[in-house]
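Asker:
Residue numbers (mature numbering (1 follows the signal peptide of the UniProt record, and there is no 0)): -23 to -1, 1 to 419.
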């Protein structure tokens, strides 16, 4: 072991004195050792880097290293992290040991007040990175306070290697608490640990972005939806917009808040085709060929699900057979227009939207006195620009109706009564079309 210690020092010292010019206080590190005592490695690093260092008794175990031209501070930090160690700078002296020992000897209370997020949301991340605790570690209530919870973690000893367990492994650390009353994290630890927590919170404790979804749900006559498709496919070049072509024949189209326009493809001249759906829809509604079923708008946090239900909850009788005994219970089923969506804002500014739409209508079956629910559903995931409109179609339904009309008294006469009666059957196909427009709330 003594020879190994000398070899570590020789490797580092040779590299240290091989640096051209004036010797650097903390030179880059070249180190190749196998199964070396971690205490010897740290001692060698301290000697070459001219660092005053005290190693706690908890610093033990072996380590294999192969580093080439690594900055001194990075090499030192990697060795400590690999063995589950932490360090505290006391004046000009670096004290190294396991987090529990250093925390008890040099720890102090650090309070982090969170502005935007719940402490529970970052608790597991901090425990995992700072103490190596596993996600979902048991949380117990702190005695005497209903507003504070204590995170109990287990600290692996620095001597623990693959297949080994330290006698300190089962030691519980009560060093991280959550104060829900002030929305704060309270850490009892070293300044180094506090700095790491603060660095994490700087990245995590940020305001959530929000996405607003505007929806328009229409029931359109099947024949008229065919016309919609024709206009959509062959609309003329852009209107109400400024068009510009640069020297490379690249065409840009700009507009100011002209709603109801969907761009797709480009014509031979390079201008995008556009579908002016809002004007067409308004005309269909005015003529009675379309009906606006709903025009909901909902806003949710980025990555969170939002749901809209416009309709009723219909009672449905459900029979259950248990041990030969049949029981009847009533359950309520949603019927109407349901919209469930989850938006995610991507780094490129596009919005990935996962959407489920459902249109259902109940019909009373008189023979059994129960409701039959007819459902039309579509689910998709798309990427859209901020303010871009997507269309969901194909939710086709049909209705059959019968009508009888008769002239009182005369319709009941034999033979000629049929002349005073009228019987008609109608069949109507409708398609539910849904226009969805996500917008980032700024």
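Where a beta carbon is used, it is the ideal one built from N, C-alpha and C, also for glycine.
Does DSSP put residue 325 in a helix, a strand or coil?
Answerer: Within the chain shown, numbered from 1, the residue matching residue 325 stands at position 348. Here residue 325 sits in coil by DSSP.
Asker: Tell me the rounded alpha-carbon separation between residue 317 and residue 288.
Answerer: Along the chain shown, one-based indexing puts residue 317 at 340. Along the chain shown, one-based indexing puts residue 288 at 311. Those two C-alpha atoms are separated by around 14 Å.
Asker: Closest to residue 192 by C-alpha separation, out of 327, 314 and 45, would be which residue?
Answerer: For the purposes of this step, residue 192 is taken as residue 215 along the chain shown, with counting starting at 1. That would be 314, whose Cα lies nearest to the Cα of residue 192.
Asker: Check this for me: beta carbons of residue 330 and residue 295, under 7 Å apart or not?
Answerer: Residue mapping note: residue 330 aligns to position 353 of the chain shown, counting from 1. Residue mapping note: residue 295 aligns to position 318 of the chain shown, counting from 1. Their beta carbons are not under 7 Å apart, which means residue 330 does not touch residue 295 by this criterion.
Asker: Can you tell me whether residue 168 sits near the ligand FMN, meaning its C-beta is under 6 Å from at least one heavy atom of the ligand?
Answerer: Only the bare structure without any ligand can be found here, which leaves the ligand FMN out of the picture.
Asker: Comparing alpha-carbon positions, which option in 25, 69, 190 and 82 lies nearest residue 276?
Answerer: To locate residue 276, count along the chain shown from 1; it is residue 299. Considering only alpha carbons, the answer is 190.
Asker: Reducing DSSP to helix, strand and coil, say where residue 102 ends up.
Answerer: For the purposes of this step, residue 102 is taken as the residue at position 125 of the chain shown. Correct three-state label for residue 102: helix.
Asker: Bridge partners of residue 359, per DSSP?
Answerer: By one-based count along the chain shown, residue 359 stands at place 382. Per DSSP, 330.
Asker: Rounded to a whole number of angstroms, what is the C-alpha to C-alpha distance between residue 36 and residue 43?
Answerer: On the chain shown, residue 36 is found 59 positions in, with the first residue counted as 1. On the chain shown, residue 43 is found 66 positions in, with the first residue counted as 1. If I take the Cα positions, the gap works out to 20 Å.
Asker: Tell me, which residues are paired with residue 292 by DSSP?
Answerer: Counting from 1 along the chain shown, the entry for residue 292 is found at position 315. In the DSSP output, where bridge partners are listed per residue, residue 292 has 309.
Asker: Indicate whether residue 336 and residue 409 have their beta-carbon atoms separated by less than 7 Å.
Answerer: Locating residue 336 in the chain shown gives position 359, counting from the first residue. Locating residue 409 in the chain shown gives position 432, counting from the first residue. Yes, the Cβ-Cβ distance between residue 336 and residue 409 is below 7 Å.
Asker: Evaluate residue 72 with the Cβ neighbour count: other Cβ atoms within 10 Å of its Cβ, from every protein chain shown; 16 or more gives buried, anything less gives exposed.
Answerer: Taking the first residue of the chain shown as 1, we reach residue 72 at position 95. Residue 72 comes out buried.
Asker: Round the Cβ separation of residue 334 and residue 369 to the nearest angstrom and send it over; I've been treating them as touching at under 8 Å.
Answerer: For the purposes of this step, residue 334 is identified with residue 357 of the chain shown, where counting begins at 1. For the purposes of this step, residue 369 is identified with residue 392 of the chain shown, where counting begins at 1. Between residue 369 and residue 334 the Cβ distance is about 6 Å, and since that is below 8 Å, they are a contact.
Asker: Three-state secondary structure (DSSP) at residue 300?
Answerer: For the purposes of this step, residue 300 is taken as the residue at position 323 of the chain shown. Coil.
Asker: Within the same chain, show all residues whose beta-carbon is closer than 7 Å to that of residue 152, passing over the 5 residues directly before and after it, in chain order.
Answerer: As a working mapping, residue 152 is identified with position 175 in the chain shown. For residue 152, where only same-chain residues beyond five positions count, the Cβ hits under 7 Å are 80, 164, 165 and 166.
Asker: Count the CB pairs spanning the stretch 387 to 399 and the stretch 175 to 185 that are closer than 8 Å, and state whether there are at least three.
Answerer: Touching, no.
Asker: Assign residue 308 to buried or exposed, taking buried as 16 or more other Cβ atoms, counted over all protein chains shown, within 10 Å of its Cβ.
Answerer: One-based indexing of the chain shown puts residue 308 at position 331. The residue is exposed, with fewer than 16 neighbouring Cβ atoms inside 10 Å.
Asker: Roughly how many whole angstroms lie between the Cα atoms of residue 118 and residue 161?
Answerer: On the chain shown, residue 118 is found 141 positions in, with the first residue counted as 1. On the chain shown, residue 161 is found 184 positions in, with the first residue counted as 1. Model confidence at residue 118 stands at a pLDDT of 33, short of 50, so the residue's coordinates are unreliable; what they give is reported in the following sentence. Going from the Cα of residue 118 to the Cα of residue 161 covers about 16 Å.
Asker: Let me know the beta strand (DSSP E) ranges lying completely inside the stretch 42 to 73, each 3 residues or longer, listed in chain order.
Answerer: Taking only runs of at least 3 residues, the beta strand (DSSP E) segments lying wholly in the stretch 42 to 73 are 62 to 67.
Asker: Between 355, 64, 4 and 5, which lies nearest to residue 31 when the distance is taken from Cα to Cα?
Answerer: Reading the chain shown from its first residue, position 54 is the one you call residue 31. Ranking the options by Cα distance to residue 31, first place goes to 64.
Asker: Looking at residue 60 and residue 15, is the spacing between their C-beta atoms short of 7 Å?
Answerer: In the chain shown, the residue the question calls residue 15 occupies position 38. In the chain shown, the residue the question calls residue 60 occupies position 83. Closer than 7 Å, so yes.
Asker: DSSP state of residue 20, grouped into three classes?
Answerer: Here residue 20 is taken as the residue at index 43 of the chain shown, counted from 1. Helix at residue 20.
Asker: Output the distance between the C-alpha atoms of residue 421 and residue 321, rounded to the nearest integer angstrom.
Answerer: Residue 421 cannot be examined here, being either before or after the span of the chain that is shown, -23 to 419.
Asker: Alpha carbon to alpha carbon, how far is residue 198 from residue 176?
Answerer: Walking along the chain shown from the start, residue 198 turns up at place 221. Walking along the chain shown from the start, residue 176 turns up at place 199. Each residue's Cα considered, the two are about 58 Å apart.
Asker: Considering only the beta carbon of each residue, do residue 196 and residue 100 sit closer than 7 Å?
Answerer: On the chain shown, position 219 is the one that residue 196 refers to. On the chain shown, position 123 is the one that residue 100 refers to. Cβ distance not < 7 Å, so residue 196 and residue 100 don't count as in contact.
Asker: Tell me the DSSP bridge mates of residue 415?
Answerer: For the purposes of this step, residue 415 is taken as the residue at position 438 of the chain shown. Its beta-bridge partners are 190.
Asker: Determine the direct distance from the alpha carbon of residue 279 to that of residue 351, and round the result to whole angstroms.
Answerer: Taking the chain shown and counting its residues from 1, the one referred to as residue 351 is at position 374. Taking the chain shown and counting its residues from 1, the one referred to as residue 279 is at position 302. Cα-Cα distance, rounded: 33 Å.
Asker: Quick check: residue 417 and residue 363, are their CB atoms within less than 7 Å of each other?
Answerer: Counting from one through the chain shown, the residue named residue 417 turns up at place 440. Counting from one through the chain shown, the residue named residue 363 turns up at place 386. Contact flag set, yes.
Asker: How many whole angstroms separate the CB atoms of residue 41 and residue 11, which I take to be in contact at a CB cut-off of 8 Å?
Answerer: The residue you call residue 41 lines up with position 64 of the chain shown. The residue you call residue 11 lines up with position 34 of the chain shown. Contact holds; Cβ gap of about 5 Å.
Asker: If distances are taken between C-alpha atoms only, which option among 342, 327, 282 and 105 comes closest to residue 361?
Answerer: Taking the chain shown and counting its residues from 1, one reaches residue 361 at position 384. Nearest C-alpha to residue 361: 327.
Asker: Report yes if the CB atom of residue 411 is closer than 7 Å to the CB atom of residue 194, and no otherwise.
Answerer: As a first step, residue 411 must be located in the chain shown, where it is residue number 434. As a first step, residue 194 must be located in the chain shown, where it is residue number 217. Cβ distance < 7 Å, so residue 411 and residue 194 count as in contact.
Asker: How about residue 90 and residue 49: are their beta carbons less than 7 Å apart?
Answerer: By 1-based counting over the chain shown, the position of residue 90 is 113. By 1-based counting over the chain shown, the position of residue 49 is 72. No, the pair does not count as a contact, with Cβ atoms beyond the cut-off.
Asker: Using only alpha-carbon positions, find the residue among 78, 367, 170 and 56 that is nearest to residue 87.
Answerer: Taking the chain shown and counting its residues from 1, the one referred to as residue 87 is at position 110. The candidate whose alpha carbon is nearest that of residue 87 is 170.
Asker: Please confirm whether residue 74 and residue 33 have their CB atoms less than 7 Å apart.
Answerer: Counting from 1 along the chain shown, the entry for residue 74 is found at position 97. Counting from 1 along the chain shown, the entry for residue 33 is found at position 56. In this structure, residue 33 lies closer than 7 Å to residue 74 by Cβ.
Asker: Using 10 angstroms around the beta-carbon of residue 25, count the other beta-carbons present and answer buried if the total reaches 16, otherwise exposed.
Answerer: On the chain shown, residue 25 is found 48 positions in, with the first residue counted as 1. Under this definition residue 25 is a buried residue.
Asker: Put residue 335 into one of helix, strand or coil per three-state DSSP.
Answerer: Within the chain shown, numbered from 1, the residue matching residue 335 stands at position 358. If DSSP states are grouped into helix, strand and coil, residue 335 belongs with the strands.
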